[in-house]
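Trainee:
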Amino acid sequence: IGGIISVLCLMAAAPLLAGAAYKFAPPEYFALTVFGLSMLASIGEESSIKSIMSGAFGVLLATVGIDLLTTVERFTFGMNELTEGIGFVPVMIGVFGIAELLAQAGQLGIVRERITLRAIQLPSKADYQKTWKAILRSSGIGTFIGILPAEGATIASMIGYNEAKRWSKTPEEFGKGSIEGIAGSEAANNSATGGAMVPTLALGIPGSPTAAVILAGLMVHGLRPGPTMFTEQSTFVFAIFWSMLLVNVLFFFVGLFGARIFARATLIPLTILWPMVFLFSIVGAYALDQSMIDVWIALIFGVIGYLMRRYGFSVVSLAIGLILGGMLEKRLGQSMVMLDEQWWLIATRPLSLFFLVLTVLALAGPFLLKKLKTLKS
273 IGGIISVLCL
283 MAAAPLLAGA
293 AYKFAPPEYF
303 ALTVFGLSML
313 ASIGEESSIK
323 SIMSGAFGVL
333 LATVGIDLLT
343 TVERFTFGMN
353 ELTEGIGFVP
363 VMIGVFGIAE
373 LLAQAGQLGI
383 VRERITLRAI
393 QLPSKADYQK
403 TWKAILRSSG
413 IGTFIGILPA
423 EGATIASMIG
433 YNEAKRWSKT
443 PEEFGKGSIE
453 GIAGSEAANN
463 SATGGAMVPT
473 LALGIPGSPT
483 AAVILAGLMV
493 HGLRPGPTMF
503 TEQSTFVFAI
513 FWSMLLVNVL
523 FFFVGLFGAR
533 IFARATLIPL
543 TILWPMVFLF
553 SIVGAYALDQ
563 SMIDVWIALI
573 FGVIGYLMRR
583 YGFSVVSLAI
593 GLILGGMLEK
603 RLGQSMVMLD
613 EQWWLIATRP
623 LSLFFLVLTV
633 LALAGPFLLK
643 KLKTLKS
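Mapping of the sequence shown onto the working numbering: residues 273 to 649, in sequence order.
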């Protein structure tokens, strides 16, 4: 339900936002991209500073290759394969796929208890009567959180759960299997997907880690999300809208009839599963450009991603920083040309100033909240 509501919001909001984006010049896009990067401060699992550092590392990686404005080679170390930059796909295969295999390899000694899934039971009419308010409320929350650049379903589900608990008549049942808590959390989680696609399609700014992967995939195939996409490739855009709506409907039946089958995937021996996943990761990295450099990039970033997770750095921030880094550099260069290299004039434009103020608030927010919690305690 949350996913369907968010897709309907996407269909209504994305064209409007894309239309408004026609008024954006390079300085506005630059300030918006900076704001998107600043939101990384709120997605780190352990430390906002570490999350920002991961994003900065991603931006640094985006500078590898030939500068389109000056044609100067940067960080290529004499390797012709790096003149076009580091590809999104090999890096993401490394930090999300291979890094996860390395992390799971450290859990071979853990003994897991096998359980049996006997039946799937649909919620009753009484359950829906009890949860419909939480579902609608959390769907709105999830859609709004998803629209914010760099936010995602995890944050939306946490806020949805907390709000469901705050509005519930029986908050003491939360944490003990309360259906209101499940409904609130999952409605927000599902609705964040549609919301995240609003800035992704309308502005080319990923609204979540998943949207960042989708954005990278579109760019690999020569598609450039943004305002012009709604005029030049409107058929494709609305195909995305309707496919997302259809998928959310199909998810219900897939989950209903496939839960027991999917659960059996966990019974596949890890000695068989992991080599298969590793093989597909390597093939996927190579198949993109038939280049061995992409395979090495995937392997190297698999190790980097594993080390980042182990020491509390966000690989999601790295991925988003890599995608937004190229946009940031391009818009900054265009702004410098437009403003005759007087970069401070960016802050004199109303929309740019608005996004820069939001950036300051986004960066200061986590630290202020931590201070408030300390004072309260």
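Note that beta-carbon positions come from the ideal geometry of N, C-alpha and C, so glycine has one too.
In terms of alpha-carbon separation, which member of S440, K437, T482 and G432 lies closest to A460?
Mentor: Answer by Cα proximity: G432.
Trainee: Assuming G366 and F550 are in contact, meaning their beta carbons sit under 8 angstroms apart, how far apart are those beta carbons, in whole angstroms?
Mentor: That belief does not hold up - the Cβ atoms of G366 and F550 are roughly 11 angstroms apart, past 8 angstroms.
Trainee: Apply the 10 Å Cβ neighbour rule to D566 and answer buried if 16 or more other Cβ atoms are within range, or exposed otherwise.
Mentor: That one is buried.
Trainee: Using the Cβ count rule (16 or more neighbours within 10 Å means buried), how would you classify Y578?
Mentor: Buried.
Trainee: Under a Cβ-count criterion, where at least 16 other Cβ atoms within 10 Å of its own Cβ denotes burial, should K437 be classed as buried or exposed?
Mentor: Classification of K437: buried, given that the 10 Å Cβ count is 16 or more.
Trainee: Taking Cβ positions, are S278 and T465 nearer each other than 8 angstroms?
Mentor: Closer than 8 angstroms, so yes.
Trainee: Am I right that V336 and I358 are in contact with their C-beta atoms under 8 angstroms? What's the rounded C-beta distance?
Mentor: Indeed they touch by this definition, with Cβ atoms about 5 angstroms apart.
Trainee: Check each candidate in A468, L475, M610 and M325 and name the one with the smallest Cα separation from Y301.
Mentor: Minimum Cα distance to Y301 is reached at L475.
Trainee: Which stretch, first to last residue, makes up the alpha helix (DSSP H) that contains R603?
Mentor: Unbroken alpha helix (DSSP H) run through R603: V587 to M610.
Trainee: For R262, count neighbouring Cβ atoms within 10 angstroms of its own Cβ and tell me buried if that reaches 16, exposed if not.
Mentor: Here the chain covers residues 273 to 649 and nothing more, so residue 262 does not appear.
Trainee: Using the Cβ count rule (16 or more neighbours within 10 Å means buried), how would you classify S396?
Mentor: So S396 counts as exposed.
Trainee: Compute the distance between the beta-carbons of I554 and F360, then report whether it is under 8 angstroms.
Mentor: No, they are not a contact pair.
Trainee: Under the three-state reduction of DSSP, which class applies to I321: helix, strand or coil?
Mentor: Correct three-state label for I321: helix.
Trainee: Looking at I417: is its Cβ nearer than 8 angstroms to the Cβ of A406?
Mentor: In this structure, A406 does not lie closer than 8 angstroms to I417 by Cβ.
Trainee: Using CA coordinates, which residue listed in P298, M364 and P497 is at the minimum distance from P287?
Mentor: Among P298, M364 and P497, the Cα nearest to that of P287 belongs to P497.
Trainee: Based on Cα-Cα distance, which residue from T543, I540 and L490 lies nearest to F508?
Mentor: For the residues T543, I540 and L490, the minimum Cα distance to F508 belongs to L490.
Trainee: In the DSSP assignment, the alpha helix (DSSP H) including Q614 goes from what residue to what residue?
Mentor: Note, Q614: premise wrong, no alpha helix (DSSP H); not H, not E.
Trainee: On the three-state DSSP scale, how would you describe I338?
Mentor: Strand at I338.
Trainee: Give a yes or no on whether the C-beta atoms belonging to L630 and F307 are separated by under 8 angstroms.
Mentor: Yes, Cβ-Cβ distance for L630 and F307 is below 8 angstroms.
Trainee: Between the alpha carbons of I544 and T538, how many angstroms are there, rounded?
Mentor: Their backbone Cα atoms lie some 12 angstroms apart in a straight line.
Trainee: Pick helix, strand or coil for E356, following the three-state DSSP scheme.
Mentor: E356 falls in the coil class under three-state DSSP.
Trainee: What does the alpha-carbon distance come out to for the pair Q401 and S506?
Mentor: One C-alpha to the other measures close to 39 angstroms.
Trainee: Taking three-plus beta-carbon pairs below 8 angstroms as touching, is the segment 320-339 in contact with the segment 596-605?
Mentor: A contact exists between the segment 320-339 and the segment 596-605.
Trainee: Check G346 in the structure and name its three-state DSSP category.
Mentor: A small correction: the amino acid at residue 346 is Arg; Gly does not occupy that position in the sequence shown. Reduced to three states, the DSSP call for R346 is strand.
Trainee: Can you look up D561 in the DSSP assignment and give me helix, strand or coil?
Mentor: Correct three-state label for D561: coil.
Trainee: Can you tell me the Cα-Cα spacing of L617 and E372, whole angstroms?
Mentor: Approximately 44 angstroms between the Cα atoms of the pair.
Trainee: For G467 versus I512, is the C-beta spacing smaller than 8 angstroms?
Mentor: Taking 8 angstroms as the Cβ cut-off, G467 and I512 do not qualify as a contacting pair.
Trainee: By the three-class DSSP mapping on this structure, what secondary structure does R496 have?
Mentor: Looking at R496 - three-state DSSP - the assignment turns out to be coil, as it is neither helix nor strand.
Trainee: Would M469 pass as a contact of A483 if the rule is Cβ separation under 8 angstroms?
Mentor: Yes.
Trainee: How would you call M311, buried or exposed, if buried means at least 16 neighbouring beta carbons within 10 angstroms?
Mentor: With 16 or more Cβ atoms within 10 Å of its Cβ, M311 is classed as buried.
Trainee: Alpha carbon to alpha carbon, how far is I569 from Q376?
Mentor: Answer to the nearest angstrom: the Cα atoms are 21 angstroms apart.
Trainee: When burial is assigned at 16 or more other CB atoms within 10 Å of the CB, is P471 buried or exposed?
Mentor: By the neighbour-count rule (16 or more Cβ atoms within 10 Å), P471 is buried.
Trainee: Is it the case that the Cβ atoms of F552 and A303 are separated by a distance below 8 angstroms?
Mentor: No, Cβ-Cβ distance for F552 and A303 is not below 8 angstroms.
Trainee: Could you tell me the distance, in whole angstroms, from the CA atom of T620 to the CA atom of S320?
Mentor: Roughly 29 angstroms separates the two Cα atoms.
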